[in-house]
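Undergrad: Take the sequence shown: its letters are residues 0 to 316, numbered as in numbering that gives the first Met the number 0. The structure is given below, and queries will be raised subsequently.
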Amino acid sequence: MQSLLTLIRPESIRLYDVLKKGDQYSVVLAAWNEGETLCFSDALVSEDRFETVAENSLLAKSLAKGGGCFCGMQGGGYECCIPVLMDDEPVSVFELRGAEPFDDATIAMATGMVSVYRNYLALLEDSQRDTLTGLLNRKTFDAGFAVFLSSAIRSDESLQEDRRSHKEGSHWLGVMDIDRFKRVNDTFGHLYGDEVLILMANLMRGSFRQGDRLYRFGGEEFVVLMRDVDFADAKKKLDDFRQKVERHVFPQVGQVTISIGFTSVVSTSTPAMVLGEADEALYYAKGHGRNQVRCHGELVEQKLLAPKTVHTEADFF
């Protein structure tokens, strides 16, 4: 983006993240310039901040075009919109504005630079993804948790650091484990076991919001990070997913169930802390019938689990 600003010299440049639902595109501003300075929004954005693209705008036409760029007059000036495609779908779009039309050489340069950016994103995606399911991997979770936490804190500064109730949280981590998955592998073989994992990942993609982060940690363990949702909705989303898995017919295998443990994420959280709490809730679910959703804070409140000790940073060294 800095290269586009420096070499193309537009009056303004904006980068939008794109969300597609059905045939309708929505966008949210991810980065923009103020003079020579680039500004960035939060790394994680909830879906309710996306705005529907005006039907006849250049932005809408560029997204529908399926690649290349779309230029023309818009709002009293000239605009050039260049979408970034991943798997033939736009994931973001650059919007360049100027007082005069961009010439062919400038458009070709801008399009080439966006192509380089797309290739960089593709390489980054490959390193961040689990090779079997395409979900984010454990390494990406560890590297990105601090970003998620700082972004979550900014969006919810009113939340006290020492929560008085597990229901005060608005950011949640859920750990999911396929029940009796070893039996699936032993009975049907690893090929069908892998197919169950792939289908599980697809069910997750269809059940959670685009802004939620979906991970496979290895084996049959999956993780979801949810932002800007209250306790009741978080629990409902997780239980809806549990029921969706239970209803799904897996080829050859038939019915598969999952157990889920979840906990809130607050400003004092560390990856080890939230994963530990969610795992405790998961183990409780596994030990008390499987195929259920359990919240760590709720179990502590009911005196079914002991509260975990909160350590300071110094305690870890």
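Beta carbons: idealized from backbone N, C-alpha and C, even for Gly. All of these numbers come straight from a predicted model, not from anything done at the bench.
#1: If you drop the 5 nearest sequence neighbours on each side, which residues of the same chain put their C-beta closer than 7 Å to that of Val273?
#2: What are the uninterrupted segments assigned as alpha helix (DSSP H) that are 4 or more residues long and contained completely in the segment 126-154, given in chain order?
#3: Spell out a yes or no on whether the segment 24-41 and the segment 115-122 are touching, meaning 3 or more CB-CB pairs, one atom from each, closer than 8 Å.
#4: With a cut-off of 8 Å, do at least 3 Cβ pairs link the segment 296-304 to the segment 195-207?
#5: Return the CA-CA distance between Gln254 and Asp178, expressed in angstroms with no decimal places.
#6: Would you kindly check if the distance between the Cβ of His170 and the Cβ of Arg226 is under 9 Å?
#7: My output table needs one value for Ser124: the three-state DSSP class, helix, strand or coil.
#8: Just mark Glu10 as buried or exposed, buried being the case when its beta carbon has 16 or more other beta carbons within 10 Å.
#9: Can you give me the start and stop residues for the alpha helix (DSSP H) that Pro270 sits inside?
#10: Rounding to the nearest angstrom, what Cα-Cα distance links Tyr191 and Phe180 in this structure?
#11: Assuming contact is defined by CB atoms lying nearer than 9 Å, are Ser266 and Lys285 in contact in what I supplied?
#12: Report the rounded CA-to-CA distance for Ser91 versus Asp129, giving the unit in angstroms.
#13: Would you check if the distance between the CB atom of Ser61 and the CB atom of Ile81 is smaller than 9 Å?
#14: Is the beta carbon of Leu3 closer than 9 Å to that of Val113?
#15: Just to confirm the assignment, what range does the alpha helix (DSSP H) spanning Glu300 have?
#16: Looking at the secondary structure, which residues open and close the alpha helix (DSSP H) in which Thr186 lies?
#17: Please classify Asp211: is it buried, with 16 or more other beta-carbons within 10 angstroms of its beta-carbon, or exposed?
#18: Based on the DSSP secondary-structure assignment, which residues constitute the bridge partners of Asp232?
#19: For Phe249 and Glu99, I'd like the C-alpha separation in whole angstroms.
#20: With distances taken between CB atoms, is the gap from Arg13 to Glu88 smaller than 9 Å?
#21: Output the residue ranges of the alpha helix (DSSP H) runs that lie fully inside the segment 189-248 and measure 4 residues or longer, sorted by chain position.
#22: List the whole-angstrom C-beta distance separating Thr256 from Arg289, where the pair is believed to meet the contact cut-off of C-beta under 8 Å.
#23: From the DSSP output, which residues share a beta bridge with Gln1?
#24: Between which two residues does the beta strand (DSSP E) harbouring Gln73 extend?
#25: Beta carbon of Val292, beta carbon of Arg246: below 9 Å?
#26: Just grab the DSSP bridge partners of Leu95 for me.
#27: Can Asp176 and Pro270 be called in contact, C-beta distance under 9 Å?
#28: Using 9 Å as the threshold, is the C-beta distance between Lys234 and Cys294 below it?
TA: Looking at the atomic coordinates:
#1: Taking the first residue of the sequence shown as position 1, residue 273 is located at position 274. Leu172, Thr262, Val264, listed in sequence order.
#2: 137-154
#3: no
#4: no
#5: Translated into positions along the sequence shown, residue 254 becomes position 255. Translated into positions along the sequence shown, residue 178 becomes position 179. If you take the alpha carbons of Gln254 and Asp178, they lie about 11 Å apart.
#6: In the sequence shown, counting from the first residue as 1, residue 226 sits at position 227. In the sequence shown, counting from the first residue as 1, residue 170 sits at position 171. It is a contact, given that the beta carbons lie within the stated cut-off.
#7: Counting from 1 along the sequence shown, the entry for residue 124 is found at position 125. The residue asked about is misnamed: residue 124 is Glu in this sequence, not Ser. Looking at Glu124 - three-state DSSP - the assignment turns out to be helix.
#8: The sequence position of residue 10 within the sequence shown is 11, counting from 1. Glu10 comes out exposed.
#9: Taking the sequence shown and counting its residues from 1, the one referred to as residue 270 is at position 271. Element bounds for Pro270: 270-286.
#10: Taking the first residue of the sequence shown as 1, we reach residue 191 at position 192. Taking the first residue of the sequence shown as 1, we reach residue 180 at position 181. Cα to Cα, the separation comes out at about 11 Å.
#11: Locating residue 266 in the sequence shown gives position 267, where the first residue counts as 1. Locating residue 285 in the sequence shown gives position 286, where the first residue counts as 1. Their beta carbons are not under 9 Å apart, which means Ser266 does not touch Lys285 by this criterion.
#12: Indexing the sequence shown from 1 puts residue 91 at position 92. Indexing the sequence shown from 1 puts residue 129 at position 130. Whole-angstrom Cα-Cα distance: 22 Å.
#13: Within the sequence shown, numbered from 1, the residue matching residue 61 stands at position 62. Within the sequence shown, numbered from 1, the residue matching residue 81 stands at position 82. Contact flag set, yes.
#14: Against the sequence shown, residue 113 aligns to sequence position 114. Against the sequence shown, residue 3 aligns to sequence position 4. Their beta carbons are under 9 Å apart, which means Val113 touches Leu3 by this criterion.
#15: As a position in the sequence shown, residue 300 is number 301, starting the count at 1. Residues 295-300.
#16: Translated into the one-based positions of the sequence shown, residue 186 becomes position 187. It spans 180-187 - the alpha helix (DSSP H) in which Thr186 sits, taken as one unbroken run.
#17: Looking up residue 211 in the sequence shown gives position 212. Asp211 should be labelled buried.
#18: Sequence index remark: in the sequence shown, residue 232 carries index 233 (1-based). None, per the DSSP bridge assignment.
#19: Here the question's residue 249 lines up with position 250 in the sequence shown. Here the question's residue 99 lines up with position 100 in the sequence shown. If I take the Cα positions, the gap works out to 57 Å.
#20: Numbered from 1 along the sequence shown, position 14 holds the residue referred to as residue 13. Numbered from 1 along the sequence shown, position 89 holds the residue referred to as residue 88. Contact: no.
#21: 189-204, 230-246
#22: Within the sequence shown, numbered from 1, the residue matching residue 256 stands at position 257. Within the sequence shown, numbered from 1, the residue matching residue 289 stands at position 290. Between Arg289 and Thr256 the Cβ distance is about 6 Å, and since that is below 8 Å, they are a contact.
#23: The residue you call residue 1 lines up with position 2 of the sequence shown. Paired residues: none, contrary to the question.
#24: As a working note, residue 73 is residue 74 in the sequence shown. Segment 69-73, the beta strand (DSSP E) holding Gln73.
#25: What you label residue 292 is simply residue 293 of the sequence shown in a count that begins at 1. What you label residue 246 is simply residue 247 of the sequence shown in a count that begins at 1. Contact: no.
#26: The residue you call residue 95 lines up with position 96 of the sequence shown. Ile12, Cys79, per the DSSP bridge assignment.
#27: Locating residue 176 in the sequence shown gives position 177, counting from the first residue. Locating residue 270 in the sequence shown gives position 271, counting from the first residue. Taking 9 Å as the Cβ cut-off, Asp176 and Pro270 do not qualify as a contacting pair.
#28: Within the sequence shown, numbered from 1, the residue matching residue 234 stands at position 235. Within the sequence shown, numbered from 1, the residue matching residue 294 stands at position 295. In contact: Lys234 and Cys294 (Cβ atoms closer than 9 Å).
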